[in-house]
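Going by the working numbering, the first residue of the sequence shown is number 66, and it counts up by one from there. Every residue gets a Cβ at the ideal spot worked out from N, C-alpha and C, and that includes glycine. Owing to the predicted nature of the structure, the values given are computational and were not obtained by experimental measurement.
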Amino acid sequence: MTSATTAPGAFTAARTTDRLEALLAGLREDVGRGLPPDLTAHLVGERLAPHLGAPDLLTDEQQQSDPTQYRQHLLHAEHDGSFSVVALVWLPGQGTSVHDHVSWCTTGVHQGQERERRYRLLPAADGAARLVATTDVLNKQGEVCGFAPPGDIHRVWNAGPSTAISLHVYGADISRLGSSVRRVYQLPADC
Numbered sequence: 066m067t068s069a070t071t072a073p074g075a076f077t078a079a080r081t082t083d084r085l086e087a088l089l090a091g092l093r094e095d096v097g098r099g100l101p102p103d104l105t106a107h108l109v110g111e112r113l114a115p116h117l118g119a120p121d122l123l124t125d126e127q128q129q130s131d132p133t134q135y136r137q138h139l140l141h142a143e144h145d146g147s148f149s150v151v152a153l154v155w156l157p158g159q160g161t162s163v164h165d166h167v168s169w170c171t172t173g174v175h176q177g178q179e180r181e182r183r184y185r186l187l188p189a190a191d192g193a194a195r196l197v198a199t200t201d202v203l204n205k206q207g208e209v210c211g212f213a214p215p216g217d218i219h220r221v222w223n224a225g226p227s228t229a230i231s232l233h234v235y236g237a238d239i240s241r242l243g244s245s246v247r248r249v250y251q252l253p254a255d256c
């Protein structure tokens, strides 16, 4: 993917849309308020929701999938590292491992639907830990959710019959980190 720098240290996809640029301006304002992570995630969700499903939000390139795994398109990373915007494209059956995140996150479904299973990490009797599934959610087009660590352990997959696309806004510099995943969990799970 090629990139265009909009400010020293900032990344924005080489081709973008006017709608995405307007969204970025609003996100910059929301994140710049300096609120606690959970409140920031909520504000970002309110800002993101009206753009979901709009045909002029993403370019054709930003909607391309990968036949082997879900695909991440980095759309923007703010110059100060305060937030990044990523489009994830999922073919039917593609999904993540069980993981948590490095920062707050707001997710909105742009196209299709995504299933999400949320977990809680509990100590086990032997001193180890185990995951307990707490909630199963179906996120449909136009729906948003936000969270902040701790308590953000989940896995996501496309359980629908067609391509799903979601936008993720993270309170971190994904151009530097490469991913929002802090930890992948391979502990026993009570599913």
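Straight-line Cα distance separating residue j from residue i
{"i": "residue 202", "j": "residue 87", "result": "29 Å"}
{"i": "residue 119", "j": "residue 213", "result": "27 Å"}
{"i": "residue 114", "j": "residue 171", "result": "10 Å"}
{"i": "residue 93", "j": "residue 209", "result": "18 Å"}
{"i": "residue 156", "j": "residue 126", "result": "15 Å"}
{"i": "residue 238", "j": "residue 152", "result": "14 Å"}
{"i": "residue 173", "j": "residue 186", "result": "25 Å"}
{"i": "residue 74", "j": "residue 105", "result": "Low confidence applies to residue 74: its pLDDT is 45, below 50, so where it sits in the model is not reliable enough to give any reading."}
{"i": "residue 154", "j": "residue 188", "result": "35 Å"}
{"i": "residue 90", "j": "residue 162", "result": "32 Å"}
{"i": "residue 121", "j": "residue 183", "result": "31 Å"}
{"i": "residue 216", "j": "residue 195", "result": "14 Å"}
{"i": "residue 110", "j": "residue 211", "result": "7 Å"}
{"i": "residue 83", "j": "residue 128", "result": "16 Å"}
{"i": "residue 276", "j": "residue 190", "result": "Residue 276 cannot be examined here, being either before or after the span of the chain that is shown, 66 to 256."}
{"i": "residue 98", "j": "residue 112", "result": "14 Å"}
{"i": "residue 102", "j": "residue 233", "result": "15 Å"}
{"i": "residue 116", "j": "residue 130", "result": "21 Å"}
Limits of the unbroken beta strand (DSSP E) element including residue i
{"i": "residue 84", "result": "Segment 83-96 is the alpha helix (DSSP H) holding residue 84; no beta strand (DSSP E) there."}
{"i": "residue 164", "result": "164-166"}
Range covered by the alpha helix (DSSP H) that runs through residue i
{"i": "residue 111", "result": "102-113"}
Residue i (DSSP reduced to helix, strand or coil)
{"i": "residue 149", "result": "strand"}
{"i": "residue 134", "result": "coil"}
{"i": "residue 251", "result": "coil"}
{"i": "residue 122", "result": "coil"}
{"i": "residue 66", "result": "Low per-residue confidence applies at residue 66: pLDDT is 30, beneath 50, and the placement is therefore not dependable, though the value from the model is reported in the following sentence. If DSSP states are grouped into helix, strand and coil, residue 66 belongs with coil."}
{"i": "residue 240", "result": "helix"}
{"i": "residue 116", "result": "helix"}
{"i": "residue 80", "result": "coil"}
From the options, residue whose alpha carbon lies closest to that of residue i
{"i": "residue 244", "options": "154, 137, 183", "result": "137"}
{"i": "residue 267", "options": "211, 134, 149", "result": "What the structure shows of the chain is the stretch from 66 to 256, and residue 267 is not part of that stretch, so it cannot be assessed."}
{"i": "residue 193", "options": "167, 250, 140", "result": "250"}
{"i": "residue 179", "options": "80, 95, 97, 223", "result": "223"}
{"i": "residue 80", "options": "167, 123, 144", "result": "123"}
{"i": "residue 160", "options": "241, 231, 175", "result": "231"}
{"i": "residue 225", "options": "205, 166, 131", "result": "205"}
{"i": "residue 181", "options": "233, 200, 175", "result": "200"}
{"i": "residue 143", "options": "197, 103, 95", "result": "95"}
{"i": "residue 227", "options": "218, 233, 190, 175", "result": "175"}
{"i": "residue 165", "options": "99, 241, 221", "result": "221"}
{"i": "residue 218", "options": "207, 246, 241, 242", "result": "246"}
Cβ of residue i within 8 Å of any chain B Cβ
{"i": "residue 225", "result": "This model lacks chain B altogether, as it is built from one protein chain only."}
*asked:* My parser needs the beta strand (DSSP E) runs of 3 or more residues fully inside the region 173-246; what are they?
replied: 178-188, 194-205, 209-212, 218-222, 229-235
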